[in-house]
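With full-length UniProt numbering applied, the sequence shown corresponds to residues 1 to 429, in that order. Scroll down for the structure; my scribbles are underneath it.
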Amino acid sequence: MNRRSRISEPWRSDFRRFWSAEATSLTGEQIREFAVPLLAITVLGASAADLGVIGLVQWLPFLLLALPLGVIADRSRRRRLIILSQWSRAVLMLTVVVAAVLGGLTLPLLIALVAALGGFAVLYEVCYQSVVPSLVPQPALQGANARLQATASAAEIGGPGIAGVLAQAFGAPAALVATTIGYVVSGSAVASIRTPEPSPETLSDSESRRGRRPGAEFVGELRDGIRHVVHDRYLLANVGFSALYNPFAQWIVVLFTLHCIRVLGLDAGQIGLVFSLGAAGALAAAAMTPTLTRRFRAGRVLLCCAAVECGVLMVIPLVDASWGTPAIIAVLAGVWALNGAGTGVSSVLLVTIRQLRTPSWLLGRVNASMRTVTYGSISIGALAGGLAGEWLGTRAGIALGAGLCLVTVAWVALSPLARIRSVDELAVV
Numbered sequence: 001m002n003r004r005s006r007i008s009e010p011w012r013s014d015f016r017r018f019w020s021a022e023a024t025s026l027t028g029e030q031i032r033e034f035a036v037p038l039l040a041i042t043v044l045g046a047s048a049a050d051l052g053v054i055g056l057v058q059w060l061p062f063l064l065l066a067l068p069l070g071v072i073a074d075r076s077r078r079r080r081l082i083i084l085s086q087w088s089r090a091v092l093m094l095t096v097v098v099a100a101v102l103g104g105l106t107l108p109l110l111i112a113l114v115a116a117l118g119g120f121a122v123l124y125e126v127c128y129q130s131v132v133p134s135l136v137p138q139p140a141l142q143g144a145n146a147r148l149q150a151t152a153s154a155a156e157i158g159g160p161g162i163a164g165v166l167a168q169a170f171g172a173p174a175a176l177v178a179t180t181i182g183y184v185v186s187g188s189a190v191a192s193i194r195t196p197e198p199s200p201e202t203l204s205d206s207e208s209r210r211g212r213r214p215g216a217e218f219v220g221e222l223r224d225g226i227r228h229v230v231h232d233r234y235l236l237a238n239v240g241f242s243a244l245y246n247p248f249a250q251w252i253v254v255l256f257t258l259h260c261i262r263v264l265g266l267d268a269g270q271i272g273l274v275f276s277l278g279a280a281g282a283l284a285a286a287a288m289t290p291t292l293t294r295r296f297r298a299g300r301v302l303l304c305c306a307a308v309e310c311g312v313l314m315v316i317p318l319v320d321a322s323w324g325t326p327a328i329i330a331v332l333a334g335v336w337a338l339n340g341a342g343t344g345v346s347s348v349l350l351v352t353i354r355q356l357r358t359p360s361w362l363l364g365r366v367n368a369s370m371r372t373v374t375y376g377s378i379s380i381g382a383l384a385g386g387l388a389g390e391w392l393g394t395r396a397g398i399a400l401g402a403g404l405c406l407v408t409v410a411w412v413a414l415s416p417l418a419r420i421r422s423v424d425e426l427a428v429v
């Protein structure tokens, strides 16, 4: 079998199953991201502060659970954990739908269910990116990640649009039924993967030679992931990029739907259209990542991505209701298209760097260590954004979050990321 066929084989079989699982899961997630705040606003009368609390409990589990679940992921069959996560989230989401339809949904109940969904989301996140290297040969990792990111962008295009149409026609709970179905289908697709999963490994050969016991204590294994990130300057810079961008982006997202409904006068369908049109930029950009990094230095591409995805957010608070609905939709869609293009490319590169700098037996703990910071910080940004919107109003709150997001650009410019020629040169495994 030649090299090309070895690399392309996963696309035709098990990687395609994994890819489809990710596609259905992410589409459901995008519908949920849109429909839950909409449900809180339109059915429960949520304020900006309430939306901040919902965002806090959604992302707080990453701060509290990612590290221990990362150790568990490296000790376990990761695909089984993914299936458990997806089917558990389906049950929880169905509970939200039933409670809303029967009139029993309250803000405290919604917050509790969102927190539980967040816990299973942590389990999914620390496992799914750790599975990719076991299905894809190293030379094809960047291409595989580009496909997954393109799928994520496609979900961002379709998800909000589907949610907006369903919510406009049947109410927000109807949109969440689609999320429930997405979780069920995703878990089933992962269960259909035929390639046997490698046995979980706790220690590398080099660690064994240094005398560490294969049954190393839980805390010691947890520290391995943290130590690997802290001692690798590229991974540390990687963490900083996401830990600065993510909370301020979520700050803006928490306020955006409320701002569109109460200040700009858009309805659910129109807001869904804005997100869907905007996500097209991310889809196109993610697919172009390998081409961009062949033509330009990867570091320059990352720096440009940071500048675009952060800078364009400054336009949102300038949009005014007096412009008229078509102009508002066009400008906001353009903002999210440029933002999505930046995040689409940077996400592919950052994930590939993480996988190339980390041995497979440690990948779950490294993913968890990084997720603790990069996703855990989102909970802080969500709460801060909600409070800023409550105190300053949504327009001023969005402007403040967008201004703070520009710190990300300075971080990338001063970090080792800006000086990378090619991500393939960073491989240590």
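Just so you know, even glycine gets a beta-carbon here, dropped at the ideal spot from N, CA and C.
Please state the DSSP three-state secondary structure of residue i.
i           : result
H231        : coil
T394        : helix
T358        : coil
T195        : coil
L141        : helix
Y267        : Note that residue 267 is Asp in the sequence shown here, rather than Tyr. DSSP places D267 in coil when its eight states are reduced to three.
G161        : helix
L258        : helix
G171        : coil
R297        : coil
Q149        : helix
V319        : coil
V423        : helix
G103        : coil
V412        : helix
residue 431 : Only positions 1 to 429 of the chain appear in the structure, and residue 431 is not among them; the question remains open.
G225        : helix
G376        : helix
G45         : coil
G324        : coil
G364        : helix
From the options, pick the residue whose C-alpha is nearest to that of residue i; which is it?
i           : options                   : result
residue 438 : R17, G272 and E33         : A question about residue 438 goes unanswered here, because the residues of the chain that appear run from 1 up to 429.
R89         : T151, R147 and L26        : L26
V315        : A279, L400 and G55        : L400
S377        : A337, S76, F170 and G240  : G240
W323        : L313, L266 and S369       : L266
L363        : R223, L283 and G164       : R223
L166        : V36, V335 and P326        : V36
P326        : L107, L264 and G171       : L264
V335        : L277, R75, V97 and A46    : L277
A307        : A268, D74, C405 and E390  : C405
V319        : E390, V96, A100 and I398  : I398
G45         : L141, L258 and M93        : L258
I83         : I193, A427, L255 and I111 : I193
A330        : D50, F275, L105 and L38   : F275
G389        : G52, G104, I420 and S134  : G52
V131        : E221, V219, Q168 and V351 : V351
I252        : E309, Q270, S85 and F170  : E309
D50         : D14, R75, Q86 and L109    : L109
T151        : Q270, E29, I111 and V412  : E29
H228        : N367, A40 and S76         : N367
P173        : V96, I111 and P196        : V96
L81         : V57, E197 and L92         : E197
Just to confirm the assignment, what range does the alpha helix (DSSP H) spanning residue i have?
i    : result
P416 : Segment: none, P416 is in no alpha helix (DSSP H) and carries neither H nor E.
Y124 : L107 to L135
P68  : A48 to R75
L313 : Element bounds for L313: n/a, residue is neither H nor E.
D14  : D14 to T42
L406 : Note, L406: premise wrong, no alpha helix (DSSP H); not H, not E.
A427 : Note, A427: premise wrong, no alpha helix (DSSP H); not H, not E.
Three or more C-beta pairs under 8 Å: does that hold for the stretch 342 to 350 against the stretch 13 to 33? no
Below 8 Å, can you find three or more Cβ-Cβ pairs linking the stretch 273 to 290 to the stretch 140 to 153? In the pairwise beta carbon analysis, the stretch 273 to 290 is classified as touching the stretch 140 to 153: at least three pairs are separated by under 8 Å.
Closer than 8 Å is the cut-off here; do at least three beta carbon pairs connect the stretch 108 to 115 with the stretch 66 to 73? Not touching, per the Cβ criterion.
Would you call the stretch 119 to 139 in contact with the stretch 56 to 65, where contact means no fewer than 3 C-beta pairs closer than 8 Å? Under the Cβ criterion (8 Å, minimum of three pairs), the stretch 119 to 139 counts as touching the stretch 56 to 65.
Should the stretch 350 to 359 be regarded as contacting the stretch 229 to 247, the criterion being three or more beta carbon pairs within less than 8 Å? yes
Pair every Cβ in the stretch 242 to 254 with every Cβ in the stretch 289 to 300, then say whether three or more of these pairs are closer than 8 Å. The stretch 242 to 254 makes no contact with the stretch 289 to 300; the number of CB pairs closer than 8 Å stays below 3.
Inspect the CB distances between the stretch 70 to 78 and the stretch 403 to 421 and report whether three or more fall short of 8 Å. no
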